[in-house]
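Residue numbers (the numbering used here): 1170 to 1358.
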Ligand SMILES: CC(C)(COP(=O)(O)OP(=O)(O)OC[C@H]1O[C@@H](n2cnc3c(N)ncnc32)[C@H](O)[C@@H]1OP(=O)(O)O)[C@@H](O)C(=O)NCCC(=O)NCCS
């Protein structure tokens, strides 16, 4: 297999950051299967990761999100390839552990997924993806946004901190048979 070129600021700048379309579903599933394991602790069994991917990250799941009002999918496309995506839920009931840390659950968005392909990490693309995601959540009426991040995922935590998020609490998050303890981060919109 040919080596991927390393991330460069050019890669981040030239990607088209846009709302997802129904015909992105298959590429989203492929990107999600590749990037979800990168958010998991190193000691998490691959079988648990595969179980989560099968249960939540197939093309059918993404097609469902792409056709559901309030499920905001933002993608970054570069030369016909998807380099990143976010999924934000607006107007859906929040998990109790998330509801507990927000002022008004009804007007709070949940950033469910935020993933950038390794070839585009460190390029600035994630920041553009986040900016478009926050704009979309605001446009959908949210005034606060929350997310969960694995306690061992230092890179993502640093990225979210720079994007204005702060620790608001904790939650449990199940991946296959593993029960993880996540940090809950929040920011106003
Ligand atoms: C999280 C993610 C979207 C961020 O995108 P990115 O392009 O890596 O983000 P950036 O490079 O702009 O920022 C990463 C920050 O982490 C820092 N960092 C890099 N490697 C790190 C590490 N091993 N430990 C701690 N911090 C690290 C960088 O210096 C940077 O911080 P800074 O801006 O204060 O210098 C991307 O890394 C990703 O998709 N990771 C895999 C999936 C994932 O974990 N998603 C989040 C699930 S909650």
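Even for Gly, the Cβ is constructed at its ideal location relative to N, Cα and C.
{"Query": "Buried or exposed: where does residue 1194 fall if 16 or more other Cβ atoms within 10 Å of its Cβ makes it buried?", "Result": "buried"}
{"Query": "Measure the C-alpha to C-alpha separation of residue 1318 and residue 1279 and round it to an integer number of angstroms.", "Result": "12 Å"}
{"Query": "What residue does the alpha helix (DSSP H) around residue 1266 start on, and which one ends it?", "Result": "1265-1268"}
{"Query": "Looking only at its chain, what residues have a beta carbon closer than 6 Å to the beta carbon of residue 1273, apart from the 5 residues adjacent to it on each side?", "Result": "none"}
{"Query": "In the DSSP assignment, find the alpha helix (DSSP H) that holds residue 1222 and state where it starts and stops.", "Result": "1215-1225"}
{"Query": "Suppose the cutoff is 6 Å on Cβ atoms and the five residues either side in sequence are ignored; what does the same chain contact list for residue 1209 look like?", "Result": "1218"}
{"Query": "Compute the Euclidean distance between the alpha carbons of residue 1276 and residue 1282, then round it to the nearest angstrom.", "Result": "19 Å"}
{"Query": "Could you work out which residue in 1351, 1347, 1355 and 1352 is closest to residue 1212 when comparing CA atoms only?", "Result": "1347"}
{"Query": "Classify residue 1181: buried if its beta carbon has 16 or more other beta carbons within 10 angstroms, exposed otherwise.", "Result": "buried"}
{"Query": "Under the three-state reduction of DSSP, which class applies to residue 1186: helix, strand or coil?", "Result": "strand"}
{"Query": "Mind checking whether residue 1354 and residue 1337 have CB atoms under 9 Å apart?", "Result": "yes"}
{"Query": "Contact between the stretch 1298-1315 and the stretch 1190-1204: three or more CB pairs below 8 Å?", "Result": "no"}
{"Query": "Do residue 1189 and residue 1242 count as a contact pair if the criterion is CB distance below 9 Å?", "Result": "yes"}
{"Query": "Just to confirm, are residue 1303 and residue 1253 a CB contact at a threshold of 9 Å?", "Result": "no"}
{"Query": "Write down the C-beta distance between residue 1356 and residue 1334 rounded to the nearest angstrom, noting that I regard them as a contact closer than 8 Å.", "Result": "5 Å"}
{"Query": "Between the C-alpha atoms of residue 1221 and residue 1230, what's the straight-line distance to the nearest angstrom?", "Result": "12 Å"}
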